[in-house]
Amino acid sequence: MKRARVNRLRGWEVLCPTLRAVRRLTMLKFALDAFLNGSEDAAVTKMAKRPSQWVGLPSAPALGSATREFMLRRSITLREFIVVMLLPCLDVALEFPTLFASTVGEDGAPCSCCIAVDQPVVSLTRRQVWCLLANMFFCAFRPRIEPDDDDSALDDADAPDWVDARLLPTTDYAEMLAAPEKANEIEVAKLLLLFDFFVEAQRWTSRQEMEEVEMIAYRSRAAPALARSLLPRVWCAVPHASPSTSSPAALPPLLPVVLHPLGESIDDQSTMIRIDFANRCIGGGALSNGAVQEEITFAQCPALNTLRWYQTQLGHAESVVVTHYYQYGQVQPGTYGRTLHYGNAVIPPRACGGALLVVDALDFRFDTVDEYSQAAVYRELVKLIGGLSSPAVASLLAVAGGNWGCGVFGGDLELKLLLQWAACGVAGKELHYFPFDKAGCDRFIPHVTQRLRRGCAPPLTTENLISFLYTLEDVSDADEESARGDDRATAGDAFGFAWSSFLKHFCLLDRPLKGAT
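Take a look at the structure:
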């Protein structure tokens, strides 16, 4: 398989619909118009009545199921579905050259794109988002990996203006559309949520409505000076450098964590920075059968899927901040993962205030680094701080965090809570923690808050918390077991390694340990 390389500055090689797809969509539009006008041609009827023909796939069982359920819920016929759904989406999909291309070739194919791969700031209008999602639905974009045995074009593969297209997530809905019968409940639910967006989009009739901002995305990373100031002491060339001494300025005070009840959702916090428990490929399994926090958010707010169109995989110090996006549908309350079911359309769409911070944790299914190592701790801190310190969220002082990277990624909830707390301290923000279904926080967080009111030694500051996190690497297995046993006996709660070590380090136990001063 050859790398489908794209020029970082032009990007039209994969950011524009293919000429073949444009021709296919044009033929589909003619066929649907003929079908509505009473044509009895067999080819026209086949193209109009077979969902797989709409999207250019050999078969599309999930699309067929979603279409039937949508028509049943709305009490409409196939002809009405074509009129209210397919034809408007075809029209806007074919508007791509007008909405995005700065130049068009003689054959009508776009020769450039006004959006660049990994562009730092992108603002998309409603019409542009609709156009992108329609092309993704109709599988009109070029695949990010192309079969080719000719390696002659790879001579300049390391040139700075080129990027490996495999770093771009998939953009089409093909995997979702083709999910097999009796095993596609999740895909059908997500397609129904996409249909909710398409239905609402047709109500944007005025030019002013179509040109309103639908989403703004900022690709962020921590400032170099700040990133250097957070380096572990042993990494620094200057012997006395450490998080507490090398910072360019004094860090803000560490605010107490605000604990929210079990079951309360991060997504409902419309005035906060909401942490999206992301995948390195933005959206993760959003266009397949993924059905956890990030994928559900992207399904309910379809504009977020357009991030996959031009954003490559997140680097170890990178995150994305998204503002001004909307929710068009919602899943059935209480359904999650394999039990996910469609709920209903959100009418009118809900403006998602605050901001979404797309930030991926280390995936310990594949990453072999020790989670408590200084390298892993530094990576997670810098990634979080890069997003939380973005100018786009400067006015937002509260952060909705939770079990970041603690599900299928296999991260330690205790460590991740402390990392989010430290990052919020550096950014001068207040962490609101949403444990969702993880018990235990209700014992740890109130205990720490209560003891903090009385003070502790060493002082629990942002600098000292970061320095403590870097010491976890040095704790041996024997020390870990000892710390767990001592803390269970003195604090009265069977906390894990990270929290037990934290309580011991800052002398926050109910009674001092033997020999502690």
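With the UniProt record's numbering applied, the sequence shown corresponds to residues 1 to 517, in that order. Note that beta-carbon positions come from the ideal geometry of N, C-alpha and C, so glycine has one too.
{"Item": "Could you compute how far the alpha carbon of Leu193 sits from the alpha carbon of Tyr342?", "Value": "7 angstroms"}
{"Item": "With a Cβ-Cβ cutoff of 8 angstroms, do Cys352 and Tyr328 count as a contact?", "Value": "no"}
{"Item": "For the region 402-412 and the region 224-236, state whether three or more C-beta atom pairs, one from each stretch, are separated by less than 8 angstroms.", "Value": "no"}
{"Item": "Could you spell out where the beta strand (DSSP E) holding Tyr325 opens and where it closes?", "Value": "Tyr325 to Val331"}
{"Item": "State whether the region 272-285 contacts the region 435-455, with contact taken as three or more CB pairs (one from each stretch) at a distance under 8 angstroms.", "Value": "no"}
{"Item": "Taking Val188 as part of the alpha helix (DSSP H), name the residues at either end of that continuous run.", "Value": "Glu185 to Ala201"}
{"Item": "With DSSP collapsed to three states, give me the class of Pro51.", "Value": "helix"}
{"Item": "State the Cα-Cα distance for the pair Trp235 and Glu473, rounded to the nearest angstrom.", "Value": "14 angstroms"}
{"Item": "DSSP three-state call for Thr245: helix, strand or coil?", "Value": "Low per-residue confidence applies at Thr245: pLDDT is 44, beneath 50, and the placement is therefore not dependable enough to give any value."}
{"Item": "By the three-class DSSP mapping on this structure, what secondary structure does Phe30 have?", "Value": "helix"}
{"Item": "Whole beta strand (DSSP E) runs in the region 267-319 with 3 or more residues, listed along the chain?", "Value": "273-278"}
{"Item": "Going straight from the alpha carbon of Phe434 to that of Val292, what length do you get?", "Value": "15 angstroms"}
{"Item": "Please go through the same chain and pick out, in chain order, the residues whose beta-carbon is closer than 7 angstroms to the beta-carbon of Lys438, but skip the five residues on each side of it.", "Value": "Asn403 and Leu413"}
{"Item": "Skipping 5 residues on each side, what residues in its chain have a beta carbon closer than 7 angstroms to that of Leu251?", "Value": "Gly425, Val426, Thr462 and Glu463"}
{"Item": "Just the Cα atoms here: how many angstroms apart are Thr245 and Ala227?", "Value": "With a pLDDT of 44 at Thr245, under the threshold of 50, the modelled position of that residue is not reliable, and no figure is offered here."}
{"Item": "Starting from Val121, trace the alpha helix (DSSP H) in both directions and tell me its first and last residue.", "Value": "Careful: Val121 lies outside any alpha helix (DSSP H), inside the beta strand (DSSP E) at Val121 to Thr125."}
{"Item": "Tell me whether the region 17-31 and the region 63-83 touch, counting them as touching only if at least three CB pairs, one residue from each stretch, are closer than 8 angstroms.", "Value": "no"}
{"Item": "What would DSSP say about Asp360, mapped onto helix, strand or coil?", "Value": "strand"}
{"Item": "Do three or more CB pairs link the region 285-303 to the region 371-382 at distances below 8 angstroms?", "Value": "no"}
{"Item": "Compute the Euclidean distance between the alpha carbons of Ala201 and Asp172, then round it to the nearest angstrom.", "Value": "19 angstroms"}
{"Item": "Provide the residue(s) that pair with Gly401 in DSSP beta bridges, ordered along the chain.", "Value": "Tyr433"}
{"Item": "Which same chain residues, not among the five before or five after Trp499, have their C-beta less than 7 angstroms away from its C-beta?", "Value": "Glu414 and Phe444"}
{"Item": "Contact between the region 208-218 and the region 124-143 is defined here as three or more beta-carbon pairs at a separation below 8 angstroms; is this criterion met?", "Value": "yes"}
{"Item": "Could you tell me the distance, in whole angstroms, from the CA atom of Gly64 to the CA atom of Ser288?", "Value": "16 angstroms"}
{"Item": "From Leu177 to Gly428, what does the alpha carbon distance come to, in whole angstroms?", "Value": "44 angstroms"}
{"Item": "Please tell me whether Ser75 has its Cβ less than 8 angstroms away from any Cβ of chain C.", "Value": "Absent here is chain C; the protein component of the structure consists of one chain."}
{"Item": "Between the C-alpha atoms of Cys507 and Pro458, what's the straight-line distance to the nearest angstrom?", "Value": "8 angstroms"}
{"Item": "For Leu340, which of Gly290, Leu362 and Leu418 has the nearest alpha-carbon?", "Value": "Gly290"}
{"Item": "Starting from Asn344, follow its DSSP beta bridges and name the residues at the other end.", "Value": "Gln330"}
{"Item": "Within the same chain, show all residues whose beta-carbon is closer than 6 angstroms to that of Phe81, passing over the 5 residues directly before and after it, in chain order.", "Value": "Met71"}
{"Item": "Give me the DSSP bridge partner(s) of Ala376.", "Value": "Looking at the DSSP assignment, Ala376 forms no beta bridge with any residue, so it has no partner."}
{"Item": "Please name the residue or residues paired with Cys352 in a DSSP beta bridge.", "Value": "Tyr325"}
{"Item": "Using a Cβ-Cβ cutoff of less than 6 angstroms, which residues in the same chain neighbour Ala361 once the five nearest sequence positions on both sides are dropped?", "Value": "Trp404, Gly405, Phe409 and Gly411"}
{"Item": "On a Cα-Cα basis, can you pick out the residue from Ser467, Gly263 and Leu132 that is closest to Gly334?", "Value": "Gly263"}
{"Item": "Would you call the CB atoms of Thr312 and Val117 closer than 8 angstroms?", "Value": "yes"}
{"Item": "Anyone know if the C-beta pair for Pro17 and Phe96 falls short of 8 angstroms?", "Value": "yes"}
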